[in-house]
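Asks: Okay, handing you the structure first.
Residue numbers (my numbering): 11 to 501.
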């Protein structure tokens, strides 16, 4: 967008099913009801460490609607889920539109847009196959009680979209509220979908016609199989040791393993990532491991429940890693990201500390703790790392940023001499450098190989540098300057 345009919503998706420097991005500008949502391509330059948005054709701009989800089905096809809010501000109609993908290009097929339902303000979508996708949503709130539904959409060769019958899942909404997250396809048959759900112990409804045993449900996975346009439940398993709050997210690691991210009220609202494996014999899921992000604990007490209901986003990166993007309640709600590593035994370990991607003075703690404003955050994998973006209005201030995050191994030394294609690397001791250093100052390496000194606002886990535009974890320490041109290497 231009510098004078404010974004109210942002979503990402891969541009292909394999890793690429370019991704699909959508962003909303304008104010209701005169909003528009642009779909284009964002490119991360790994060498220059920059992110650029391509100019969009007018046919790639939705007028009056917002892209709430983007799902890549194949190297040539994606689906955009859009919503239009009625003038009453409460009812919402949901549509899906095919998007053709090319070499660093997108083309929205708005003439193939189809209305799906007009009952739900919460919608999630995932890939099922190269031609199909799954949707989860709420039934009409006028139903007493009302439930959640899952259905599968299929894109024909001519671009038209048809839908399976829907299937009810989860507990009834009444005295308590059932929340759900992004579904995922499992197994390699392209006909089985699982969706995470739970009963929100912190949320209640004025519709007191049904009740649920809060605390007895935990985090559940409802799995269904599609046959001849009919979905049938195959299994449902719940982990009763956890109790999620707010919203949850999921990511597909393999045909039989998914990752779940959520805030756990049973553990001081700690941000938690769980790995779940599906049996190829029984079809049932087993909760294998969890990782508690201890840097993010405590309730999210910023904003109203309906204005700000944050989702911790989990995405699969290259080389056996996950990225988790979230608003950190333990750090004034700052948009942050953490990288985790997973192994073949499905254990999770730390890949990076929690790194903020907002300015040091960013805060969600305002004079009005119940502000009705909201921010949206999303993450997408790139060839060398991930893009994380957040945008929205908060307490009268516009916030919008897209950051490139890379996670490499620790530095092993400093290049001390270059002779053609040969490099001399100093692993320890003193080395001459071309940069101007400050004697007695510690220096850290960015992923591009530049040396940075910490600013005064740095922490025990990371440094801020270059006018706070660069965040580097402290395990990237290279050494300490002993003069303006000499560095004592300490890697």
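Even for Gly, the Cβ is constructed at its ideal location relative to N, Cα and C. The structure presented is a predicted model; accordingly, all values stated were derived computationally and were not measured.
1. By the DSSP assignment, the beta strand (DSSP E) with residue 50 in it spans what residues?
2. Report the start-end ranges of each beta strand (DSSP E) in the region 331-404 that is 3 residues or longer and not cut off at the edges.
3. Just the C-alpha distance for residue 471 and residue 437, rounded to the nearest angstrom, thanks.
4. Just list the beta strand (DSSP E) runs in the region 248-308, keeping only unbroken ones of 3 residues or longer that don't cross its boundaries, in chain order.
5. Going by DSSP, what residues sit across from residue 447 in a beta bridge?
6. Could you please give the first and the last residue of the uninterrupted beta strand (DSSP E) stretch that includes residue 458?
7. Would you mind giving the Cβ-Cβ distance between residue 132 and residue 81, rounded to the nearest angstrom? I have them listed as a contact below 8 Å.
8. What's the gap between the Cα of residue 345 and the Cα of residue 409?
9. With distances taken Cα to Cα, identify the nearest neighbour of residue 22 among 281, 143, 367 and 323.
10. Leaving out five residues before and five after residue 214 in sequence, what residues of the same chain have Cβ atoms less than 6 Å from its Cβ?
11. Name the DSSP beta bridge partners of residue 473, please?
12. Can you look up residue 120 in the DSSP assignment and give me helix, strand or coil?
13. Comparing C-alpha positions only, which one of 297, 452 and 401 sits nearest to residue 355?
14. Pick out whichever of 138, 412, 101 and 31 has its Cα sitting closest to the Cα of residue 128.
15. Can you name, in chain order, every residue of its own chain whose Cβ lies under 6 Å from the Cβ of residue 216, other than the five neighbours on each side?
16. Which residues share a DSSP beta bridge with residue 143?
17. With a 10 Å radius around its C-beta and 16 neighbouring C-beta atoms as the bar for buried, classify residue 259 as buried or exposed.
18. Ordered along the chain, which non-local residues of its own chain (more than five positions away) have a Cβ less than 7 Å from that of residue 124?
19. Based on Cα-Cα distance, which residue from 79, 254, 488 and 202 lies nearest to residue 388?
20. So, helix, strand or coil for residue 68, using DSSP?
21. Span of the beta strand (DSSP E) holding residue 21?
22. Where DSSP assigns a beta bridge to residue 496, which residues make up the other side?
23. Can you tell me whether DSSP reads residue 227 as helix, strand or coil?
24. Using the Cα positions of residue 219 and residue 240, report the straight-line distance between them to the nearest angstrom.
25. So residue 416 and residue 395 are in contact, right, with Cβ under 8 Å, and what is the actual spacing, rounded?
26. Classify residue 179 as buried or exposed, calling it buried when 16 or more other Cβ atoms lie within 10 Å of its own Cβ.
27. By Cβ distance, which residues of its chain are closer than 7 Å to residue 141, with the 5 residues on each side in sequence left out?
28. Report yes or no: do the region 199-206 and the region 226-236 share at least 3 C-beta pairs separated by less than 8 Å?
29. What do you get for residue 425, buried or exposed, if any count of 16 or more other CB atoms within 10 angstroms of its CB means buried?
30. Using 8 Å as the threshold, is the region 447-466 in touch with the region 330-340, meaning 3 or more CB pairs across them?
31. When you compare only the Cα positions, how much space is there between residue 50 and residue 169?
32. If you draw a straight line from the alpha carbon of residue 144 to that of residue 174, how long is it in whole angstroms?
33. Are residue 422 and residue 326 closer than 7 Å when you measure CB to CB?
34. Sorted by chain position, which residues of the same chain lie with C-beta nearer than 6 Å to residue 433's C-beta, five sequence neighbours on each side aside?
35. Taking C-beta to C-beta, are residue 367 and residue 333 nearer than 7 Å?
36. Quick one, are the C-beta atoms of residue 245 and residue 293 less than 7 Å apart?
Replies: Let's see:
1. 44-55
2. 331-338, 344-352, 358-360, 384-391 and 395-404
3. Here the alpha carbon of residue 471 sits roughly 23 Å from the alpha carbon of residue 437.
4. Runs found: 254-262, 267-274, 280-288 and 295-303.
5. According to DSSP, residue 447 bridges with nothing at all.
6. Premise fails: residue 458 is in no beta strand (DSSP E) and is neither H nor E.
7. Rounded, the Cβ-Cβ distance is 16 Å, inconsistent with contact.
8. 11 Å
9. 323
10. With a pLDDT of only 46 at residue 214, under 50, the local geometry of the prediction cannot be trusted, and no value is derived from it.
11. 482
12. helix
13. 297
14. 101
15. Legend: pLDDT at residue 216 = 44, less than 50; position of this residue unreliable, no value from coordinates given.
16. 137 and 163
17. Around the Cβ of residue 259, a 10 Å sphere holds 16 or more other Cβ atoms; the residue is buried.
18. 105, 106 and 171
19. 79
20. Collapsing the DSSP output to three states places residue 68 in a helix.
21. Residues 17-24.
22. 442
23. coil
24. At residue 219 the pLDDT is 39, less than 50, meaning the model places this residue with poor confidence and gives no usable figure here.
25. 4 Å
26. buried
27. Answer for residue 141: 83, 164 and 165, listed in chain order.
28. yes
29. exposed
30. As far as the Cβ criterion goes, the region 447-466 does not touch the region 330-340, which means the pair count is below three.
31. A straight-line Cα-Cα distance of about 20 Å links residue 50 and residue 169.
32. 10 Å
33. no
34. Contacts found: 425.
35. no
36. yes
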